[in-house]
Ligand code: HXC
């Protein structure tokens with residue numbers, strides 16, 4: 008896979024792939040091509056049985072400093088509407104396999120939103136999260152008012168969105184935005200470790216579990232519980248359920264076959 012702005016690695020560990028955002032001079036600013044490359048690569052990874060979890064990362068200085076302001080600066084509302092960049096984001100959200108964001112340095116604007124689009128976030132102590140769009144006369148457009156508010160609550164989301172203030176990795180962890188904070192030299196390894204842990208499980212169970220957790224963002228409680236229950240029942244039609252439960256009873260490690 009030849010990409011210009013990302014580096015795809017189909018095997019950073021057993022069943023774990025990675026995507027590195029690779030526009031270091033521009034602090035990985037997310038231009039349309041880069042987002043298209045992520046989408047394309049995720050579609051391939053999602054359909055590859057040798058991959059069960061994916062890590063997305065940048066470099067130590069920046070995960071991503073937002074959408075590419077230089078690319079957007081001259082655009083009109085009609086241009087933006089026609090470009091329809093959010094269909095790419097919607098498509099990324101539909102990835103069935105778990106995606107872990109490994110964040111170091113800046114995760115701002117669209118960068119913070121991309122991290123939030125992932126299923127879990129591991130950050131280095133140097134990570135900074137923010138929605139500074141207000142400083143350039145706009146506002147978040149890819150989930151920064153919605154996913155952030157659901158994750159950290161109204162008070163903190165309002166402050167971040169209305170003042171552009173950044174929060175540190177530790178503040179983000181306390182607020183429930185991210186999973187883990189580790190020293191900078193470890194953030195990628197820790198993210199891969201988390202991915203490896205999910206990759207050991209039954210991929211079908213992982214897929215339906217991920218889908219069910221995401222459903223909690225879209226529904227009321229009763230409808231969500233109903234959805235969860237259907238997915239729970241469905242797993243009893245899999246060989247992996249028999250294997251998982253039999254292995255527990257027989258006191259051995261399960262061997263999941265994705266069937
Ligand atoms: C384009 C960017 C960029 C961005 C940084 N650069 N962020 N280019 N779009 N979002 C470029 C700079 O222009 C500069 O290039 C180089 O990266 C290094 O950045 P510096 O500003 O020199 O670095 P520093 O002084 O360390 O400041 C880092 C920073 C600052 C605090 C992250 O770059 C910054 O404020 N960036 C913008 C952050 C932001 O507003 N993000 C939200 C974007 S809107 P040159 O060539 O000049 O040296 C958004 C909307 C999302 O994300 C909507 C959904 C998709």
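Residue numbers (the numbering used here): 8 to 266. Yeah, the Cβ is synthetic: ideal placement off N, Cα and C, and Gly gets one too.
Q: State yes or no: is the C-beta of residue 38 within less than 8 Å of the C-beta of residue 65?
A: no
Q) Can the beta-carbon of residue 231 be found closer than 8 Å to that of residue 237? A) no
Q) Which whole-angstrom value is the C-beta distance of residue 98 and residue 134, which I expect to be below 8 Å? A) 26 Å between Cβ atoms; not a contact.
Q | Sequence-distant residues of its chain with Cβ nearer than 7 Å to residue 224 (five each side left out) | A | These residues qualify, in order along the chain: 157.
Q: Starting from residue 89, trace the alpha helix (DSSP H) both ways and give me its first and last residue.
A: 84-90
Q | Cβ pair residue 115, residue 183 closer than 8 Å | A | no
Q: Taking residue 168 as the reference, give the member of 54, 137, 206 and 28 with the closest Cα.
A: Closest in alpha carbon position to residue 168, among 54, 137, 206 and 28, is 137.
(Q) My assumption, with CB atoms under 8 Å, is that residue 105 sits in contact with residue 126. Please give the rounded CB distance. (A) The beta carbons of residue 105 and residue 126 sit about 5 Å from each other, so the pair counts as a contact at 8 Å.
Q) Within this structure, are the beta carbons of residue 150 and residue 181 separated by less than 8 Å? A) no
Q: Could you round the C-beta distance between residue 211 and residue 242 to whole angstroms and report it? I think they count as a contact, below 8 Å.
A: 7 Å
Q | Start and end residues, beta strand (DSSP E) containing residue 127 | A | Counting along the chain, the beta strand (DSSP E) containing residue 127 begins and ends at 127-131.
Q. On the three-state DSSP scale, how would you describe residue 188?
A. strand
Q | Limits of the unbroken alpha helix (DSSP H) element including residue 214 | A | 210-222
Q. How about the stretch 20-29 and the stretch 48-62: do they share at least three Cβ pairs that are nearer than 8 Å?
A. yes
Q: Would you kindly work out how many angstroms separate the C-alpha atoms of residue 100 and residue 130, rounded to a whole number?
A: 20 Å
Q | C-alpha distance - residue 82 paired with residue 143, whole-angstrom precision | A | If I take the Cα positions, the gap works out to 14 Å.
Q. Between which two residues does the alpha helix (DSSP H) carrying residue 93 extend?
A. 93-100
Q. For the candidate residues 162, 258, 90 and 235, whose alpha-carbon lies nearest to that of residue 216?
A. Closest option to residue 216, Cα to Cα, is 235.
Q | Buried or exposed by the 16-neighbour rule on C-beta atoms within 10 Å, applied to residue 75 | A | Counting the other Cβ atoms within 10 Å of the Cβ of residue 75 gives 16 or more, which makes it buried.
**Q.** Under 8 Å between C-beta atoms of residue 49 and residue 28
**A.** Contact check for residue 49 against residue 28 fails: the beta carbons are separated by 8 Å or more.
Q: For residue 163, count neighbouring Cβ atoms within 10 angstroms of its own Cβ and tell me buried if that reaches 16, exposed if not.
A: By the neighbour-count rule (16 or more Cβ atoms within 10 Å), residue 163 is buried.
Q) Based on the DSSP output, what are the partners of residue 1 in its beta bridges? A) Outside the displayed range of the chain (8 to 266) lies residue 1, so it cannot be described from this structure.
Q. Roughly how many angstroms separate the alpha carbons of residue 170 and residue 54, rounded to a whole number?
A. 41 Å
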